[in-house]
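J.: Before I ask anything, here is the structure I am working with.
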Amino acid sequence: MRLIDTLRFARDAATGYPVRTTLSVLAMSIGVAAVVILTALGDGARRYVVGQFSSIGTNLVIVLPGRSGTGGFNPANAITSTPRDLTVDDAAALKRAPAVHRLAPLAVGTSEISYGGRLREIMVAGSTRDFVAIRNFDLLQGDALPDEDWNRGSPVALIGAKIRSEMFGNAPALGRLIRVGDRRLRIIGILKPTGQGLGMNTDELVIVPVSVAQSLFNSNTLFRILVEARSREAIPQARDEVLAILKQRHRGEEDVTVITQDAVLATFDKLLGALTLAVAGIAAISLAVAGILVMNVMLVAVTQRTGEIGLLKALGAPARTIRLAFLSEAAMLSSVGALLGYLLGQGGAFAIRQAFPVFPAYPPDWAVIAALLTALSTGLLFGVMPARRAAQLDPVLALMKH
Amino acid sequence: MALIELAAIERRFQLGDTTVNALAGLNLHIAAGEYVAVMGPSGSGKSTLLNLLGLLDRPDAGTYRLEGRDVTTLSPDEQAAVRSQRIGFVFQSFHLVPRLTAAENIALPMMLAGLAPAERTQRVNQALKDFGLDHRADHKPDQLSGGQRQRVAIARATIMQPPLILADEPTGNLDRHTGEDVVDLLETLNSRGVTLIVVTHDPGLGARARRQLVMEDGRLKHDSLASRQTACG
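If you read the sequences in order, they're chains F and H.
Take 1 as the starting number for the first sequence in my numbering and just add one per residue.
Take 1001 as the starting number for the second sequence in my numbering and just add one per residue.
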C-alpha cells in the first residue's frame, strides 16, 4: 500500500469514530498543554525573580560590615573583639581598585520629614552621586547628588514620588526647603515612582549626602558599600581587590563580607530552574497517561474493527500494511493531540501574561520540544501493541465477526 | 491444467476434548472456467473448504496447488499476495467498510496492492458502469440497498481481475428477486472465463451451477462431474 493511501486510510478510520478520537486527542492535548503551562509558570517565576534581582544594579559587588559566620569557631575570633565598622574613608579607599568602575557608600536610617506643617516618617539613605546610577534609579525631575567631598555634603535631598505627592500635592517641589530631622535641606531631585519590587521601595525614600545622613543618625558607620565592577568578567577581580584593600585598612583582619550579585543570581537561577524541571516532570506523567489512553483507544479500535481487519486480509493486505495503518492512526491521534495541546498551552501562557503583565510566563523551548516529542513517542510506542494485535488476527475468525 | 488441485487435504479443529475433522482426505480438481456449487448441511466442512481455497486457512495435511503452484507452503505474506492478485471474495454479509463510499470500497483491493491512483480511478469508473452503480459512487454502504451492496462487493472482488471468485452464500441476505440479479451477475463473470465457486444452502442456486459438490462430515459425498463421468464411462 502506498504511504499516502495508508495515511488517508488511517485518517478516515480516525474520523470515522469521532467520539473516541476526540477523547484521546483531548487527553493528549491536555497532557501537552499541562507541560507547556506549568513550565511557563515555573520559568516565569525564575525570570521574574532574576529580573527583579538584576534590576537593583549591574555587576554589583556588595560589601557588608562583619564576617558572616561560616567556618565555625576560629581561635582568632576569640581574641579579636567586635568587627571594625565600615567608614566613608573605607569606601573612598576602594576607588583605587582597578576593577572597580564606580561605587557608593550607603548609610541607612529612619527620620522625619516636615514641610508646611506636614510631618511624615521616612527612610533616609545617605550616599554619594553615583548611588542613583548604580541602583538604576530614574529621576523624574532635577539631578542626582552633587559631586563633592564625601565628608562635607551640601544640604540637599532627593525625594521619592510618594513623599512628593503627600508633602506637596500638586505644588512644585523642586528647590523647596524641607526639614529632615534637625537639618534643613533643599530638594534637588525627585525619583520616578517604581512601585513594589525586590529591594528598596524608592517611593518613600529620601536620599541625602552620606555625611548629612551620618550626622542625622549621629554615627560614622556605613550600612553597605555598593561597588560596580567594570564588567561582568571583572566581578571576581573587583571582589578580591575590595577584600584586599579593606583587609589592609583593617589591620589585616578580614572583618567584612563581600557578596556578588552574580553569585546570588546564579543561585536563584539554579534553584528556580530545578523547580521548573520538577514541575515539567510532574506534568510529563499526564503525557504518559495520555499515551496509555491512546493505546486503550487503539485496542478498542482493533476489537471494533475486527471484521474490517479480516476483510483487509482477505483482500490481500499483508501483516505489515495492517500494522502500519493502525500505527499511523495512533501517531495521528497523538500528533494532533500534541499540536492542539501546544496551541492550548501557548494560549494559556498568553492568558497568564495578560492577567499578570509583570509575570513573564513564557514556556521554555526545551520544555515545549520535550513535551511534543514525548507525546509523539508515547503515542507511537503505545500504538505498537494494538497494531501488532491487529496484524496477527486470524482472518477466518476475524471475518466471522461483523 | 487444473486451476485447483487438492490432494489428501486434512483439516482438524480442537473443540474442547474432541477433535473435529472439518475436512478429511479431500481430493478435488477444479478446472479453469468452471462453475461449481458446494452444498451440504451446516458443519459439513464447506465453509472450511472455501476458507482453504481462499488461502485464509491452512490444511493440517495434504497439498493445495493453485494454478500449478503449491500454495500450502507459502508464508502468510506470500499468501496475502496470492489473494490480492488471484482470488476474489464475495461474502454473505457483504463486508463493506462502512465509512468508505461505494467507489472507495471497490478501489480497496487496488489501494492495498499499491496501484497508481490514476489506474484505480479508471478501473473503478469502468466497474461502476459495468455493475450499474454510476449514480451510487459516492454513497456509503448504509445508503445502499442490499442488492446494491452485494454488487459493490462483487465489483470489489473482480476489480483486480482474479481468475478465481469464491462466493460464500452470496444471496443469503437478499430477497429472491435481488438474489437472482446477483447470481446472474456472477454467472456473467463466469461466462467470461472466471472460475466461480459458490457455497450455498439454497438447492435452487446450487442447481444452476454446472457442477455440484455435496459435502458431509468433511468428505465429498457427491460430485456431479465424477458421477457424470461414471455414467458416461
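Glycine included, every Cβ here is placed at the ideal spot set by N, Cα and C.
As the structure is a computational prediction, the values presented were derived from the model and not from experiment.
1) Would the beta-carbon of F/Val124 fall within 8 Å of that of F/Leu222?
2) By Cβ distance, which residues of its chain are closer than 6 Å to H/Val1038, with the 5 residues on each side in sequence left out?
3) Can you list the residues of chain H that F/Leu312 reaches, using a CB-CB cut of under 7 Å?
4) In the DSSP assignment, what residue or residues form a beta bridge with H/Met1039?
5) Just the Cα atoms here: how many angstroms apart are F/Arg84 and F/Lys192?
6) From F/Trp150, F/Ala274, F/Glu121, pick the residue whose C-alpha is nearest to that of F/Asp203; which is it?
7) Does DSSP put H/Asp1070 in a helix, a strand or coil?
8) Any beta carbon of chain F sitting closer than 8 Å to that of H/His1095?
9) So for F/Ala1, helix, strand or coil by DSSP?
10) Out of curiosity, what's the CA-to-CA distance linking H/Ala1031 and F/Ser334?
11) To the nearest angstrom, how far is it from the Cα of H/Gly1043 to the Cα of H/Asp1217?
12) Could you tell me which chain H residues have their CB closer than 9 Å to the CB of F/Met332, listed as they occur along the chain?
13) Have a look at F/Leu158 and F/Ile207 and give me their C-alpha separation to the nearest angstrom.
14) What are the partner residues of F/Pro209, as DSSP defines its beta bridges?
15) Go ahead and label F/Ala263 buried or exposed: buried means 16 or more other beta carbons lie within 10 angstroms of its beta carbon, across all protein chains shown.
16) Does any residue of chain F bring its CB to less than 8 Å from the CB of H/Asn1051?
17) Pick out whichever of F/Leu60, F/Val19, F/Phe217, F/Thr21 has its Cα sitting closest to the Cα of F/Ile259.
18) I'd like to know if the segment 1185-1199 of chain H and the segment 1162-1172 of chain H are in contact, where contact means that at least 3 CB-CB pairs between them fall below 8 Å.
19) Can you say whether F/Ser231 is buried or exposed, counting buried as having 16 or more other CB atoms within 10 angstroms of its CB?
20) Count the other C-beta atoms from every protein chain shown that fall within 10 angstroms of the C-beta of H/Leu1006, then say buried if there are 16 or more, exposed otherwise.
21) To the nearest angstrom, how far is it from the Cα of F/Thr267 to the Cα of F/Ser55?
22) Step through the CB atoms of chain F and report whether any lies within less than 8 Å of the CB of H/Phe1013.
23) Answer yes or no: does any C-beta atom of chain H fall closer than 8 Å to that of F/Arg2?
24) Buried or exposed for F/Phe131, please, with buried defined as at least 16 other CB atoms from any protein chain shown within 10 angstroms of its CB.
25) Please classify H/Ile1154: is it buried, with 16 or more other beta-carbons within 10 angstroms of its beta-carbon, or exposed?
26) Contact criterion: CB-CB distance below 8 Å. Does H/Pro1076 meet it with respect to chain F?
27) At which residue ranges does the segment 1059-1147 of chain H contain complete alpha helix (DSSP H) runs of 4 or more residues, listed in the order of the chain?
28) Cβ atoms of F/Ala371 and F/Leu287: under 8 Å apart, would you say?
29) Look up F/Ala27 in the DSSP assignment and say whether it is helix, strand or coil.
30) Grab me the residues of F/Thr6's own chain with a C-beta within less than 8 Å of its C-beta, minus the 5 sequence neighbours each way, in chain order.
31) DSSP on H/Ala1167, reduced to helix/strand/coil?
32) For the beta strand (DSSP E) that contains F/Thr260, what are its first and last residues?
33) Within its chain, find whatever has a CB closer than 7 Å to the CB of F/Asp255; leave out the 5 residues flanking it on each side and keep chain order.
34) So F/Gly109 is in the beta strand (DSSP E); what residue range does that whole segment cover?
T.: With the given structure in hand:
1) In this structure, F/Leu222 does not lie closer than 8 Å to F/Val124 by Cβ.
2) Lys1046, Val1199, Leu1213
3) Close partners of F/Leu312 in chain H (Cβ separation under 7 Å): Leu1112.
4) Secondary-structure assignment with DSSP links H/Met1039 through a beta bridge to H/Val1214.
5) 36 Å
6) F/Glu121
7) strand
8) yes
9) This sequence places Met at residue 1 of chain F; Ala is not what is there. It is coil, neither helix nor strand.
10) 52 Å
11) Computed Cα separation, rounded: 7 Å.
12) What F/Met332 touches in chain H: nothing, since even the nearest Cβ is about 15 Å away.
13) 5 Å
14) F/Pro209 is bridged to F/Ser127.
15) The residue is exposed, with fewer than 16 neighbouring Cβ atoms inside 10 Å.
16) Contact with chain F is found for H/Asn1051, since one of that chain's Cβ atoms lies less than 8 Å from the residue's Cβ.
17) F/Ile259 has its Cα closest to that of F/Leu60, out of F/Leu60, F/Val19, F/Phe217, F/Thr21.
18) yes
19) Its Cβ having fewer than 16 others within 10 Å, F/Ser231 is exposed.
20) buried
21) 16 Å
22) no
23) yes
24) buried
25) buried
26) yes
27) 1076-1086, 1102-1113, 1117-1130
28) yes
29) helix
30) Correct list, in chain order: Thr321, Leu324, Ala325, Ser328.
31) It is a strand residue.
32) Judged by DSSP secondary structure, F/Thr260 falls within the beta strand (DSSP E) whose first and last residues are 256-260.
33) Gly66, Arg67, Pro83, Arg84
34) 100-115
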